[in-house]
Structures are given as C-alpha cells and as structure tokens.
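**Q** I'd like to ask some things about the structure below.
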Amino acid sequence: MNPLASGFWPLALSLQGIPSDTFYTGPPHFRWWIVLYFFVGGISGGALLVASLLRLFGAREDTHFIRLGVYISFIGCVISAILLVVDLGVPLRFWHMLVQDNTGRPMFKWWSPMSVGAWGLLVFGFFSFLGTVRALWDDRRLTWSTLEFLERPTTTVFGAVGGIIGGLFLAGYTGVLLSVTNRPIWADSEWLGLLFLLSGISTSVAALFLVSRWRGIRVPSTEERLGQFDRIALILEFVVLVIFIVSLGSVAKAFLNAWGILLLLGVVGVGIVMPLRMGREAAHNVATASILVLFGGFVLRVVVLLGSEQIHVVGAQVIR
Amino acid sequence: MGARPLPILGEARAVMAQATANTVEPMGFFTDTTVCIGCKACEVACKEWNQLPARGDGGAHLEMSGLSYDNTVRLDGTTWRHVKFIEQFPEPYNGRWLMMSDVCKHCVQAPCLEVCPTGAIIRTEFDTVVIQSDTCNGCRDCIAACPFGVIDINHVSGTAQKCTLCYDRTSVGLEPACSKACPTDSIQFGPISELQQRAQRRVEQLQAQGESKAQLYGADRNGPLGGLNAFFLLVDEPEAYGLPRNPKLPTRNLAKSSMLSTLGAVAMTAIGALTLRAKRLVAVAREKQT
Chain A
138 MNPLASGFWP LALSLQGIPS DTFYTGPPHF RWWIVLYFFV GGISGGALLV
188 ASLLRLFGAR EDTHFIRLGV YISFIGCVIS AILLVVDLGV PLRFWHMLVQ
238 DNTGRPMFKW WSPMSVGAWG LLVFGFFSFL GTVRALWDDR RLTWSTLEFL
288 ERPTTTVFGA VGGIIGGLFL AGYTGVLLSV TNRPIWADSE WLGLLFLLSG
338 ISTSVAALFL VSRWRGIRVP STEERLGQFD RIALILEFVV LVIFIVSLGS
388 VAKAFLNAWG ILLLLGVVGV GIVMPLRMGR EAAHNVATAS ILVLFGGFVL
438 RVVVLLGSEQ IHVVGAQVIR
Chain B
333 MGARPLPILG EARAVMAQAT ANTVEPMGFF TDTTVCIGCK ACEVACKEWN
383 QLPARGDGGA HLEMSGLSYD NTVRLDGTTW RHVKFIEQFP EPYNGRWLMM
433 SDVCKHCVQA PCLEVCPTGA IIRTEFDTVV IQSDTCNGCR DCIAACPFGV
483 IDINHVSGTA QKCTLCYDRT SVGLEPACSK ACPTDSIQFG PISELQQRAQ
533 RRVEQLQAQG ESKAQLYGAD RNGPLGGLNA FFLLVDEPEA YGLPRNPKLP
583 TRNLAKSSML STLGAVAMTA IGALTLRAKR LVAVAREKQT
C-alpha cells in the first residue's frame, strides 16, 4: 500500500514548510492501550484525590463518597497496571522499570517521567490500597482487629495526605511524560501535564456521580460540594485547553483536520460546555452530565495521543 | 527470517564492564552525501550482518512505495540503514536527486539514553549508543524521544532496536558492515577527530568548486546535542534531507511542565479543600433558610 494513502485524512506537506523540528520524529505507537491508561489513570488519581480531600476536610455524611472514591481509585489502579503491562513489547519484563535486571538494584531516573511514573504508580497503588482497606474496615467487611490502627488520626492523615499527593501525581504525570519527548504537539507545549491533571479531576468527579447513581447513593450535601468542585475543574480545564492550543503556535495547524473538529466538538462542546450549561441541580441531569464529562475526557486523550501519532515522515514528506 | 537477538547484546554487560576500563577514542561515521550513488549496498550489508528481515513484519519481499527509488521508506526496528532519495526537479529535465544513507546519529547527548526507564540504552567505550535487547521491555519512550525518527520496535523481538554501529564488529577491530560495503566511500568509519578534519577539507573543496550550500550536519561538538557521532555532509538545507535543523533533548520541557503541573496541583488541592470542607454545609443551610 502506498504510505501516502494511509492515515486519517492525511495531508502531505513539504519538509521545507514544517513548523517545528518535532515533525521529523517517529511515532512511538502510543495507541489504544495508552489512551485507555491515560483515561483510567486520570480517573483513578482524581478519585483518590477527591476521597482524600473529603476524608480530611469533609463531614460524616461524606463517608459514602469517600468509599466510592477509594474503590474507584483502587480498581482504576489495577486496570492501569494491567494496561501498562499489556502495552509493553515484552510484557514479562515490566519489572525492568523498577529493578535493574543485571544488578538487582532499584531502577530510577528522576529526569525520566516514565521511570518516575512507574514508581509513582507503585506508591499510588499503596495509598489506594490503604484507603480501600480502610473503607472495607469502615463498612465492616473486614473485621480483623489488627486493622484498628487504620482509625487512628495519624494513620488517617497519613493515608489522606498520601492519597492527595499520589492522586495528583497519577492524574498529571502522563501529560508531563508526553511533553518530555520530541513528538509534534506533545513536546511543543508544556501545558499538557496541567491539562491532563484538570481533566483527570473532572472525569473522576463525573465517575463518582455516575457510580453513586448506579449504586443508588444520594447525599445532597456532598453532591452539592462535589458539583461545585467539578464546575471549577471544568472551567479551569477549558482555560488551560485554550492556553495549550495557543502555546502550540504554528504547530496548532496540525489540528486543522478531523482531530481538530473532534477536539472542538467532542472535548469543548460535549465534554465541557454542555455539562456546565446543564448543571447538576436537576436530579436527572446528574447522570447525563457525568457521561458527557467522561466522554470529553476520553476524547481529549484520543485527540492528543492519536493526533500526534498520525504525524510521521515518509520518504521526503511529512504525513499528518 | 526472524531477527535473532544481536549476538553481542547477550554478553553486552560483561563487555561493557570491561569496556569502561578501556575507553578508546570516540568513533563514528562521516557520510558524504555528494558521493552516494543510491546503490543501497549499505542497507543490504546491514541487514545481512545483523540478520534483519527485509520487512518490519518479518516478510521477505518489499512492496513498491511509489516514492522515487525508496521502498524501505524510513529507518525502523528492522531497517537500521536507509538510503533516502530526495527528488529536486523544478522542471522535467532540470533537477537532481539528493541521496543520503541515513542511520542512527549516536548523539553525544543522546535523547533516547536520557529517557530510557529500564537502563537498556547504554553508551559504549566508543562513545556510541547501543540498545541492549535483553533488557529493553518495549516501552517505546526512546522512540518518542529520538529527534531523528531513528528508533522503532522490532516486531519479532518486541523491543526497540536501531543501529549499534556494529558494536560486535568494532569491539574486535572490524569496520561496521555498511561502511565496509559502501563502494564509493560515501560512508566512512573512523575516529571522530580524524573524520572531522577529512569532512572539513571536503566541504572546502566543494565550496571552491561552486557548491555554496555544502555544509556539515552534526559535526560541531558545541552544536545541538553536543554533536553527532554519525555526521553528514549536505549540499542543501537539513530540512531538505528530512533532518531537524536544531534537534533538542526531550528534558528541555521537564522543569517547566513539572512546575506548571505542581502549581496546578497545589491550586486544585486548595480549591478542593475550600469547596469540599464541611463548614460550607452550615452556610448552605443558612442560605436555604433565608
């Protein structure tokens, strides 16, 4: 097959007219497993953040949402780890990210976001697990007396502070990882980390609302406060998305295709503007608005990842 | 035919341990594109020596790309040498082909080595950059980091692969397969300092003959990435050959991107603490009463 005829609405450019040096690089094949990981990881990180904030600053009636938050974060963490391992070219060597295979010493590079991310996911998993055990203890589904220490204030604060830091890290580091490459779009802006962080928070609150509706949990006071937090996250996400596009400069022309339309309609229109306009005051709007936010968060990752993946040099031309 | 693991890489660690004690002068390639005739002997020699399949999927036959005489199209996990054919024909009977045998640049400051999270990518005693196939787990971070689009996954091994500058040959005093096979000496192998002097003399010669755009790409040790151990003589702008004018390290974005995310994280924690705190309940209840 002629490579010039492949791709998603491809457009051949002369190499002379390329807006950034990043366009000469090769795509790393970060496709659906990674799209799913970025989406699920964002929700997982945001859910533990929200649950931990509620644990530290919330009220007794927030317990239901705290439990939901840690359950979502833990399930998300397990799914994230599976997605990452499956995506590797040699999945059984996943541990090479953490341990040097020849010396047995820890493998850690603070300047490599993927290396830091592997350790970050491990630490996040610990706090997510700790929160989940605490929630199961609170639910009296675990009754071992040795777990009583989980109710101590120091343990509670330790778990919540760790959950906040770990949740923020997992939701945001994926964008930093993309920026620390040489790929078009990703490396042409430093705002992706913050954008993914805000998107992770908004999608995690949406997931919390959706699961709470599914489980028949209604706590109006908690929902009102969560709704307000979500609105702020969505508005900030929109602002940072605009800054991200502007910061791309002439590289933003890479979105003058179907990906750009998807970004405008799917992310901004469906994922941000519509849920903000709908609000969550009316009970029936909650589930719909949550689904829209989740859709927008997913499409954001699809557009950012696959929009860049599409760009590659073939012979003496760039395809985008 | 599948790509077997490189013979040297299974024993790479022992060799590397020995090598650190016996560091030699930096070695590399000087590719003079003006004498490349597009014969692709380098591509064939590379595939033969490294036992790489003709196609990325392991197939034996290449399909026609329709791109000049170029059917391998790009460097990837199974094509470690690639001859580019750049057609510059402003009119049907007035033009030229630029031919260039492309390869891993073995950067002095290597972006792939910088980001590799497993430590699979190492620098040899020759100052070249090698991926240890038995350590690599195929995460592909190096592919996104390479500013030249050199690295790709070898779908047979599942790991990232690229030119090793024939480490198995050079470590026993042999010339890399591609430069050995090159019939016009377009690809020259040797100590970098010697190659630089030879390249500079060739540029001056070409400029004296009227080739005003003759220039070296990657030879400057004070230039981008600290210079390239595989550098080129070009007769047009780097972009014409599909080379970035100013290749950069990926970590250039690390500080700013991390700082923005951290500031955002602190702000969202503060906003979360304010909006989610229980005291708000009292105010909400009061508002509803009034």
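The listed protein sequences correspond, in order, to chains A and B. Numbered according to this note's numbering, the first sequence terminates at residue 457, and the numbering increases by one at each position without gaps. Numbered according to this note's numbering, the second sequence terminates at residue 622, and the numbering increases by one at each position without gaps. Backbone N, C-alpha and C fix where the C-beta goes; we use that ideal spot for every residue, glycine too.
List the residues of chain A whose Cβ lies closer than 7 Å to the Cβ of residue 421/B, in chain order.
**A** Correct list: empty, because the minimum Cβ distance to chain A is about 12 Å.
**Q** Do you know how far the Cα of residue 475/B is from the Cα of residue 383/A?
**A** For residue 383/A and residue 475/B, the distance between alpha carbons rounds to 26 Å.
**Q** Once you ignore the five residues that flank residue 624/B on each side, which residues in its own chain have a CB closer than 6 Å to its CB?
**A** Because chain B spans 333 through 622 in this model, residue 624/B falls outside it and cannot be assessed.
**Q** Exposed or buried, which one is residue 468/A when buried takes at least 16 other CB atoms within 10 Å?
**A** The structure shown does not extend to residue 468/A, since chain A spans only 138 to 457, so no value can be given for it.
**Q** Could one say the Cβ of residue 320/B lies closer than 8 Å to chain A's Cβ atoms, at least one of them?
**A** Only positions 333 to 622 of chain B appear in this structure, which leaves residue 320/B out of reach.
**Q** Tell me the DSSP bridge mates of residue 434/B?
**A** Answer by DSSP bridge pairing, in chain order: 414/B.
**Q** From the beta carbon of residue 353/B, is the nearest beta carbon of chain A less than 8 Å away?
**A** Caution is warranted here: a pLDDT of 48 is assigned to residue 353/B, below 50, making its placement in the model unreliable, and the coordinate value is therefore given only provisionally. Not closer than 8 Å to any Cβ of chain A, the Cβ of residue 353/B fails to qualify, so no.
**Q** Contact criterion: CB-CB distance below 8 Å. Does residue 522/B meet it with respect to chain A?
**A** False, the Cβ-Cβ gap to chain A never drops below 8 Å.
**Q** Could you pull out every unbroken beta strand (DSSP E) segment of at least 3 residues lying fully inside the stretch 353-404 of chain B, listed in chain order?
**A** Runs of the beta strand (DSSP E) inside the stretch 353-404 of chain B: 359-364.
**Q** Does the distance from the C-beta atom of residue 314/A to that of residue 364/A stay below 8 Å?
**A** Contact flag unset, no.
**Q** Please state whether DSSP places residue 345/A in a helix, a strand or coil.
**A** Residue 345/A: helix per DSSP, three-state reduction.
**Q** Report yes if the CB atom of residue 336/A is closer than 8 Å to the CB atom of residue 327/A, and no otherwise.
**A** No, these two residues do not count as a Cβ contact at 8 Å.
**Q** Less than 7 Å between the CB of residue 589/B and some heavy atom of the ligand GDP, yes or no?
**A** The model depicted lacks the ligand GDP and carries no ligand whatsoever.
**Q** How would you list, in chain order, the residues of chain A whose beta-carbon sits under 8 Å from the beta-carbon of residue 480/B?
**A** Residues of chain A passing the Cβ test: 161, 162.
**Q** Among the residues of its own chain, which have a CB less than 6 Å from the CB of residue 234/A, if the five just before and after it don't count?
**A** If we look at residue 234/A and ignore the five residues flanking it on each side, its Cβ neighbours are 255.
**Q** Flag this pair as yes or no: are the beta carbons of residue 287/A and residue 334/A separated by less than 8 Å?
**A** It is not a contact, given that the beta carbons lie outside the stated cut-off.
**Q** Name the chain A residues whose beta carbon is nearer than 7 Å to that of residue 578/B?
**A** Within 7 Å Cβ-Cβ: 158.
**Q** Using a Cβ cut-off of 7 Å, pull out every chain B residue sitting near residue 231/A, in sequence order please.
**A** Those are 469, listed as they occur along chain B.
**Q** Kindly list the residues whose CB is nearer than 6 Å to the CB of residue 308/A, restricted to its own chain and excluding five residues on each side of it in sequence; keep chain order.
**A** Here the set comprises 179, 182, 183, 334, 337.
**Q** At the level of alpha carbons, what is the spacing between residue 410/B and residue 564/B?
**A** Their Cα atoms are separated by approximately 22 Å.
**Q** Would you report the Cα separation of residue 353/B and residue 458/B, rounded to the nearest angstrom?
**A** Note on residue 353/B: pLDDT 48, under 50, position unreliable in the model; the coordinate value appears next. Going from the Cα of residue 353/B to the Cα of residue 458/B covers about 12 Å.
**Q** Measuring CB to CB, does residue 415/A end up less than 8 Å from residue 450/B?
**A** Taking 8 Å as the Cβ cut-off, residue 415/A and residue 450/B do not qualify as a contacting pair.
**Q** Any beta-carbon of chain B closer than 8 Å to the one on residue 360/A?
**A** No, because no Cβ of chain B sits closer than 8 Å to the Cβ of residue 360/A.
**Q** Are any of the Cβ atoms in chain B nearer than 8 Å to that of residue 415/A?
**A** So, not an interface residue.
**Q** Does the stretch 417-434 of chain B come close enough to the stretch 568-578 of chain B to have 3 or more Cβ pairs within less than 8 Å?
**A** Result yes; three or more Cβ-Cβ pairs closer than 8 Å.
**Q** Should residue 502/B go down as buried or exposed, given a rule of 16 or more other Cβ atoms within 10 Å for buried?
**A** Per the 10 Å Cβ criterion, buried.
**Q** Run through chain A and tell me which residues come within less than 7 Å of residue 582/B, C-beta to C-beta.
**A** Here the neighbours are 317, 318, 319, 324.
**Q** Use the C-beta contact count for residue 194/A: other C-beta atoms within 10 angstroms, 16 or more gives buried, fewer gives exposed.
**A** Flag for residue 194/A reads buried.
**Q** Cα separation between residue 583/B and residue 318/A?
**A** In a straight line, the C-alpha of residue 583/B is about 7 Å away from that of residue 318/A.
**Q** Are residue 250/A and residue 445/A touching if we call contact CB-CB under 8 Å?
**A** Against a cut-off of 8 Å, the Cβ pair of residue 445/A and residue 250/A comes out as no contact.
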